[in-house]
């Protein structure tokens, strides 16, 4: 191949591949706004409150990235996306970052031209049942009909689980979560299966949440985290280290309040490598932590025991506290 | 009868669930109905069970047995119009008394249904009656056979999963007015379980009073010493081991009375009974009462997994306690120390029956062990292996190991069965007790006597080594209906070094168990969780599966 042909082929490839975007960071700076893909409304993760303000664990991650890049956690534009539309929206350049309870799997990582910079929430599929059933394990659900949302791996996971256990169950599939929840609330099915974090949100949305329990058993691995295009390693690094910084900050006991005092110097030292390499402001991590708090604060505010989600840290505790959150060291 | 519209029942269940939420929590322990209303409820119950495709899961799962019961029985209902409902609710909300978790049972929800019952229609009352029957069956089953299938928790448990006779359970409720009496009958009836249940009450009462304090870590405390930690030691043992709450003399002096209390504690915890408070004793003393209660809960759950009928006489081995007992007619006839499998070659948990004894047994070296441990010795010094009593067998031929060209033999090409002849060095000692099983586990003597002096005795490859095998042989032959075996005859057979098999006329049941808590005359005994089985049970209760 002649050099000219090669260059032409390369250019053609660039044009046809899902757009260049090598400079997502520059684009965000130029726009002075981060465009973040979120869910269409999942309590605790990304949902608009009564005043139309986006709230949640995934939303706070968008805010953390905006604080890191633009120095202001408020400079985010949210784009609600369905499960089907989310990855295409990212590939097509409609969003800079997908922060929408998405499971990191090998096929998504390799087939879609996407990168999963890290896991922000270790989830797993579980079951919700009425408390009056008195069951403690999904193995007691023989004969049950189970409500499930289609279009994800949830039904297949559950079907495989019950088949292996030698139990007969039936599924009632719905395209929308609202419909599935309504069917469960009307006792059209005996149980509801979804990722446990989603179940916590669904439970909170039921008319009588206290009359329903989420079984402790987890039947799948669902590592949820932010997603970016794989064509921009610099941006991937920025997302990865924003996530790790939230976790490391909790481990170092740096919280939002401490950014007003001596903690700011520690945060600056921790974040120093990103100043030169990524061109971030030297106080980027101070802005992140002042804007959203550390990982523990983000978790407790959106998902914790004091919220309608009532989720405990569980495996999402720091590795030093019996969990599996383990961020590489900074700086 | 009109087939009910599914929407109707659905709405009804939803309404019931909604009622649960809005009804004030007024204590109400029974629902009274007129005979006429009762009859309508009965008709609804039978109609629901016969015709309603969508019933709440706990009822749906038991549809057939419930339908049979309610169709055949014509008198009172079981729960409505009866004080039983209130008692059932309180039993579920007090499930901790049974070593179970109240959060796992719908006690609160059933209580709310009782409150709601006064306000609802006959069809809802029918559902309430059925919910109570389903909850009763669930609880009776959990009491009788446990919450978990043993092998789902741990592949080292080879106990047959059991179920209860639900029809008999329902019929039993109808016969006896007092549901406590009914439920008691569904508990394991053996003395060990009942003693644990009683001990659990005592420990719960102790826990309410605050349990016990800790003894600060530090140097080993020996009798006769004076130490500032002695008052804490005395206070700790005053709670469980009969130490005087206040010292008769100098408070910091380790006196004789306290030594006795320490020994009492050590005996209950599988420690060396020497009155010396070293690190192991301190650690055991500082285990919080909640953890001890958990051990009792676990032991009760494991008893529920055991066969209903252990046998009139039987052998029971507790792996975690390193002890074997022989029981006859409910009495302990023999207790002896045993050595069990190492944590990486765990003795499995199962029940079987001893069928024969073999005096002066050959030890057939397992192939893996022969290739790995014996082959290098055979290559380097066959004479030493021969001197230890080993010979090589191929087909019907027996070879002196000194005459085999071991250079030709490799671990993957090892055409012999290596075995050790009867004799003083034989790995199985003078006798083995066989209950042929898939795990190749049996009871046997051992030449390694010194291990019985250790407090923790997990050293074998899985078999159970006996501290006093010949005494047990004597007893097992008698229990197995074999006449004419005096001690003298056993001794002379052993002395002959001749391989001798004696079949039992009546197989003797043997139960290999794993219990980290049990009750003796001097109180509750606890052992460490050598195989980590307790940890797995705890994880299962928590909805996790642990790798093993």
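Protein chains in written order, with our numbering: chain Y, 11 to 341; chain C, 683 to 1230.
Glycine included, C-beta positions come from ideal geometry on N, C-alpha and C.
Computed from a prediction, not measured in an experiment: that's the story for all the values here.
Three-state secondary structure (DSSP) at residue i?
| i | result |
| --- | --- |
| residue 1167(C) | coil |
| residue 823(C) | helix |
| residue 991(C) | coil |
| residue 732(C) | helix |
| residue 1046(C) | strand |
| residue 869(C) | coil |
| residue 1185(C) | strand |
| residue 721(C) | helix |
| residue 45(Y) | strand |
| residue 330(Y) | helix |
| residue 688(C) | Residue placement at residue 688(C) cannot be trusted, given a pLDDT of 48 that sits under 50; what the coordinates show is reported in the next sentence. Correct three-state label for residue 688(C): helix. |
| residue 1139(C) | coil |
| residue 102(Y) | coil |
| residue 294(Y) | helix |
| residue 1039(C) | strand |
| residue 203(Y) | strand |
| residue 195(Y) | helix |
| residue 281(Y) | helix |
| residue 149(Y) | helix |
| residue 138(Y) | strand |
| residue 28(Y) | In this prediction, residue 28(Y) has a pLDDT of 43, which is less than 50 and means its spatial position is unreliable; what the coordinates show is noted afterwards. Coil at residue 28(Y), not helix or strand. |
Determine the extent of the alpha helix (DSSP H) in which residue i is found, giving its start and end residues.
| i | result |
| --- | --- |
| residue 312(Y) | 305 to 312 |
| residue 261(Y) | 243 to 261 |
| residue 947(C) | 938 to 950 |
| residue 1064(C) | 1064 to 1069 |
Report the rounded CA-to-CA distance for residue i versus residue j, giving the unit in angstroms.
| i | j | result |
| --- | --- | --- |
| residue 1100(C) | residue 1091(C) | 13 Å |
| residue 232(Y) | residue 299(Y) | 27 Å |
| residue 859(C) | residue 853(C) | 12 Å |
| residue 87(Y) | residue 46(Y) | 6 Å |
| residue 1070(C) | residue 1208(C) | 40 Å |
| residue 863(C) | residue 771(C) | 15 Å |
| residue 1059(C) | residue 1067(C) | 7 Å |
| residue 817(C) | residue 811(C) | 10 Å |
| residue 274(Y) | residue 79(Y) | 17 Å |
| residue 145(Y) | residue 163(Y) | 24 Å |
| residue 1133(C) | residue 1024(C) | 13 Å |
| residue 1103(C) | residue 1072(C) | 6 Å |
| residue 1218(C) | residue 982(C) | 15 Å |
| residue 1172(C) | residue 1115(C) | 14 Å |
| residue 855(C) | residue 759(C) | 10 Å |
| residue 102(Y) | residue 121(Y) | 15 Å |
| residue 338(Y) | residue 256(Y) | 12 Å |
| residue 224(Y) | residue 782(C) | 19 Å |
| residue 844(C) | residue 1031(C) | 16 Å |
In the DSSP assignment, what residue or residues form a beta bridge with residue i?
| i | result |
| --- | --- |
| residue 1194(C) | 999(C), 1032(C) |
| residue 1098(C) | Residue 1098(C) pairs with nothing; no bridge assigned. |
| residue 335(Y) | 328(Y) |
| residue 1005(C) | 1000(C), 1019(C) |
| residue 233(Y) | 132(Y) |
Less than 8 Å between the CB atoms is what I'm expecting for residue i and residue j, so what's the real figure, rounded?
| i | j | result |
| --- | --- | --- |
| residue 848(C) | residue 744(C) | 6 Å |
| residue 1109(C) | residue 1045(C) | 4 Å |
| residue 998(C) | residue 1009(C) | 6 Å |
| residue 1113(C) | residue 1152(C) | 7 Å |
| residue 1039(C) | residue 962(C) | That pair is no contact at about 37 Å. |
| residue 325(Y) | residue 314(Y) | Between residue 314(Y) and residue 325(Y) the Cβ distance is about 15 Å, and since that is not below 8 Å, they are no contact. |
| residue 980(C) | residue 1216(C) | 5 Å |
| residue 226(Y) | residue 1224(C) | 6 Å |
| residue 260(Y) | residue 304(Y) | 4 Å |
| residue 814(C) | residue 767(C) | 6 Å |
| residue 897(C) | residue 953(C) | Not quite, the Cβ-Cβ distance comes to about 14 Å (not below 8 Å), so this is no contact. |
| residue 715(C) | residue 762(C) | 6 Å |
Locate the beta strand (DSSP E) running through residue i, then write down its first and last residues.
| i | result |
| --- | --- |
| residue 222(Y) | 222 to 224 |
| residue 112(Y) | 107 to 113 |
| residue 913(C) | First-last for residue 913(C): 912 to 922, but that is the alpha helix (DSSP H), not the beta strand (DSSP E). |
| residue 645(C) | Outside the modelled stretch of chain C, which goes from 683 to 1230, sits residue 645(C), for which no answer is possible. |
| residue 1147(C) | 1146 to 1148 |
Which chain B residues are close to residue i, counting only those with a beta carbon under 7 Å from its beta carbon?
| i | result |
| --- | --- |
| residue 85(Y) | The structure shown contains no chain B; its protein chains are Y and C. |
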